[in-house]
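Reviewing the structure listed below.
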Amino acid sequence: MTPVPPEQTDPGRTVPGGTVSGGSADTRTGLPAGRPDMRTFDAADVEATRRLMYGLVVPRPIAWVTTVDAAGTVNLAPFSFFTVVSTRPAMMGLAITPDHTSEVHKDTWRNLDTGGELVIHSVSEANAAAMHASSRPLPRERSEVRELGLATAPSDLVAPPRLVDADSALECRVETRLRPGQEEFFVVRVLRAHVSGALSDEVGHIDIAALDPVARVGRHYAHLAEQYRLG
Ligand SMILES: Cc1cc2nc3c(=O)[nH]c(=O)nc-3n(C[C@H](O)[C@H](O)[C@H](O)COP(=O)(O)O)c2cc1C
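Numbering (my numbering), first residue to last: -12 to 218.
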């Protein structure tokens, strides 16, 4: 591949709302890239960039999270800014947005502040409606688990209980936290995992088609499409 001299690169035009760019040079030919459809957004356009991330980082897995407060009230909420951040030791990360409608942080954030423990569940189609309903704000002293009539069982190692009807439950403890921007990013260590025997083998392989996880795509939800191999 021949590198493109900087003078052949047209940075395009950026105006509020995003524009059709002038088009960068094609790195293979050095000629104009031939993509007049490309829009360019500057990160200074905070809302558009947020929308872009929301729509481009898809599909996102959903962490359905139980936590408890000091009074023992069980909180349940979904989070899709969620991923694996370490495999040895096993750690996951989730980002919680400040609650702009309130003086205080979301219940999950506050419970992680005080208790530092959580259980992360997977979401299948059977639980999708309950998961979505659990995202609605409730007064702190009311439990989404109780209001939605969901059954729980005690966890082995952490205070928050697990949801009986979820196909997997990861007992976790907060390891560290970061504040790169407005979100608080919690890195949590997986202490123990429970997975339905119908979905996993003895060494931990998951039957992903059987798991049928519900994914967040923009403001909507999706199933995974068919799986295929490359190579
Ligand atoms: C599918 C889905 C994914 C969500 N992902 C996030 C997320 O990653 N971070 C976040 O702060 N809020 C997220 N929310 C919103 C929270 O679930 C919502 O603010 C909830 O009321 C927080 O509950 P809590 O105050 O009980 O912790 C999501 C909502 C839905 C429906």
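Think of the CB as a built atom: it goes at the ideal place given N, C-alpha and C, for glycine as much as any other residue.
Note that the segment 101 to 120 touches the segment 193 to 212; at least 3 beta-carbon pairs, one per stretch, sit closer than 8 Å. In the displayed model, A31 falls within coil according to three-state DSSP, outside both helix and strand.
Listed by position along the chain, the residues with Cβ atoms less than 6 Å from a non-hydrogen atom of ligand 1 are I49, N62, A64, P65, F66, S67, F68, A82, I83, T84, K93, D94, T95, H119, S122, P124 and R203.
When only Cα atoms are considered, L105 and D24 end up about 45 Å apart. Per the coordinates, the alpha-carbon of L39 lies some 13 Å from the alpha-carbon of P46.
Taking a C-beta distance under 9 Å as the contact criterion, A77 and R164 do not qualify as a contact pair. For S111, DSSP records a beta bridge to P200.
Here the alpha carbon of G102 sits roughly 37 Å from the alpha carbon of D32. DSSP places T95 in the uninterrupted alpha helix (DSSP H) bounded by D94 to T101. Sorting H181, V201 and R37 by C-alpha distance to the C-alpha of H192 places H181 at the top. DSSP, reduced to helix, strand and coil, places I49 outside both helices and strands of the structure shown, so it counts as coil. Annotated as distal: S122 and L198, with beta-carbon spacing of 9 Å or more. C-alpha of S130 to C-alpha of A50: approximately 18 Å in a straight line.
Following the DSSP letters along the chain, one finds E134 inside the alpha helix (DSSP H) bounded by residues E131 to E134. Annotation for C159: M79, E104, L105, V106, I107, V145, V175, R176, V177 and L178 place their beta carbon closer than 8 Å to its own, counting only its chain and skipping 5 residues before and after.
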